[in-house]
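Following: one structure in structure tokens, then a few remarks.
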Amino acid sequence: MGQIEIQKNHLILILNLGLTEEEESAAYHEEYRPPINFNQPTPEGVVAEMTSEIGTIEYHLIPTRSYWLRMVRHDWGTTDEEIKACIVAHPQQMLEIEVCGCYKGYGVIVRDIMRHPIIAISRALDDYVSPFYHELEAVSLGLKLALKYNILKFNFTCVSEKVAAYVMWSWNSKLKCGCPPRDNLQNPGEKKYYCVECSKSELDDYGEGKDADKILPLVDEIFYNGLKLESEGYRFYLFPAKLSRAKGVLHLANSGMDQELRLDEIEEDEKFAEILYKEVYNHGTEQELLLEQDIIY
Ligand SMILES: [Zn+2]
């Protein structure tokens, strides 16, 4: 008789090396039990029947939240050392860095390409400046995390279309105005060859010129770190995120707390874990999220 081994989530291997093909087939049919029952949920989850785009029926595993987090932890680890080692071991793996600034603060989520969370960080803001400025704070933190974890392949997204447009416009013009190099205050003896001052007029067009004294140093920091990442192989681009893909990061930014969450802490925060879980297995609608953003801003 063959042995059945349940691997990870839903693979079944039958090891019947001593049997004929018929015996093996009979044993397979006799012994075959889906590890996850089609109708009755098991501790691991349920299998959902879905119709694919071409009309065929597909079966997808929908794990329970705790089983899902266990799998993600298995893939990415829960400490900075484990996460860094995993990123270094898979340099071609595309990640996602999502950022969002809200009234109360800002947040960043690092995810893998399947949208499984790896790290989530939020910062509270005591002094309200503007949603535009808070979103830029989030953009800057996103790049600092990329540097810290050595992430060189990632889709970089923010929630505000206006911020994405301004950052990309000024990024693309930072070398064009011909302003002379200036000293880098953090690294005396080093010069910065790009310009942020000349994007001030663009800032006026966006209606944010009143905060230029706060915004421009932050843009300087973003560009400095963006160039540092580019020198290691990253290609800087900030995309505006669809609202339907921003529920988790909106919630995080709006928490009004200073927190650094790896997978264990994410699991402890049930509300946040549930939002992230649903983002992977059941997206919210655009309309639902528009309503949510109205409340936040
Ligand atoms: Zn200039």
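In the numbering used here, the protein residues as written are -14 to 282.
Beta carbons: idealized from backbone N, C-alpha and C, even for Gly.
Check the Cα spacing between Ala149 and each of His236, Phe257, Ile207 and Gln244: the tightest is with Ile207. The segment 237 to 248 makes no contact with the segment 208 to 219: fewer than 3 CB pairs, one atom from each, lie closer than 8 Å. In its chain, beyond the 5 residues on either side, Tyr151, Trp154 and Ser155 have a beta carbon closer than 7 Å to the beta carbon of Glu187. Environment of ligand 1, chain-ordered: Cys162, Cys164, Cys180, Glu182 and Cys183, taking every residue with Cβ within less than 6 Å of a heavy atom.
Ala109: member of the beta strand (DSSP E) spanning Pro102 to Ala109, first to last residue.
DSSP places Ile94 outside any alpha helix (DSSP H); the residue lies instead in the beta strand (DSSP E), whose first and last residues are Gly90 to Asp97. Collapsing the DSSP output to three states places Pro225 in a strand. In the three-state DSSP reduction, Leu126 falls in the helix class (H, G or I).
For Val204, the enclosing alpha helix (DSSP H) starts and ends at Ala197 to Ser216. Under the criterion of beta carbons closer than 8 Å, Pro48 and Thr142 do not qualify as touching, at roughly 25 Å. Linking Trp53 to Cys71 through their CA atoms gives a straight-line distance of about 18 Å. Residue burial is scored here from C-beta neighbours: Ser216 has fewer than 16 other C-beta atoms within 10 angstroms and is therefore classed as exposed. Burial check for Tyr178: the Cβ neighbour count within 10 Å stays below 16, so the residue is exposed.
According to DSSP, residue pairing for Arg167 in a beta bridge involves Lys177.
Short of 8 Å from the beta carbon of Leu130, and not among the five residues preceding or following it, lie these beta carbons of its own chain, in chain order: Ile82, Val93, Val95, Ile104, Ile106 and Ile136. Here Pro48 is bridged, per DSSP, to Gly30. About 6 Å separates the Cβ atoms of Lys147 and Tyr191, confirming a contact at the 8 Å cut-off.
Within the DSSP secondary-structure output, Ile42 pairs in a beta bridge with Thr36.
Per DSSP, Val84 is one residue of the beta strand (DSSP E) stretching across Leu80 to Gly86. DSSP lists no bridge partner for Cys183.
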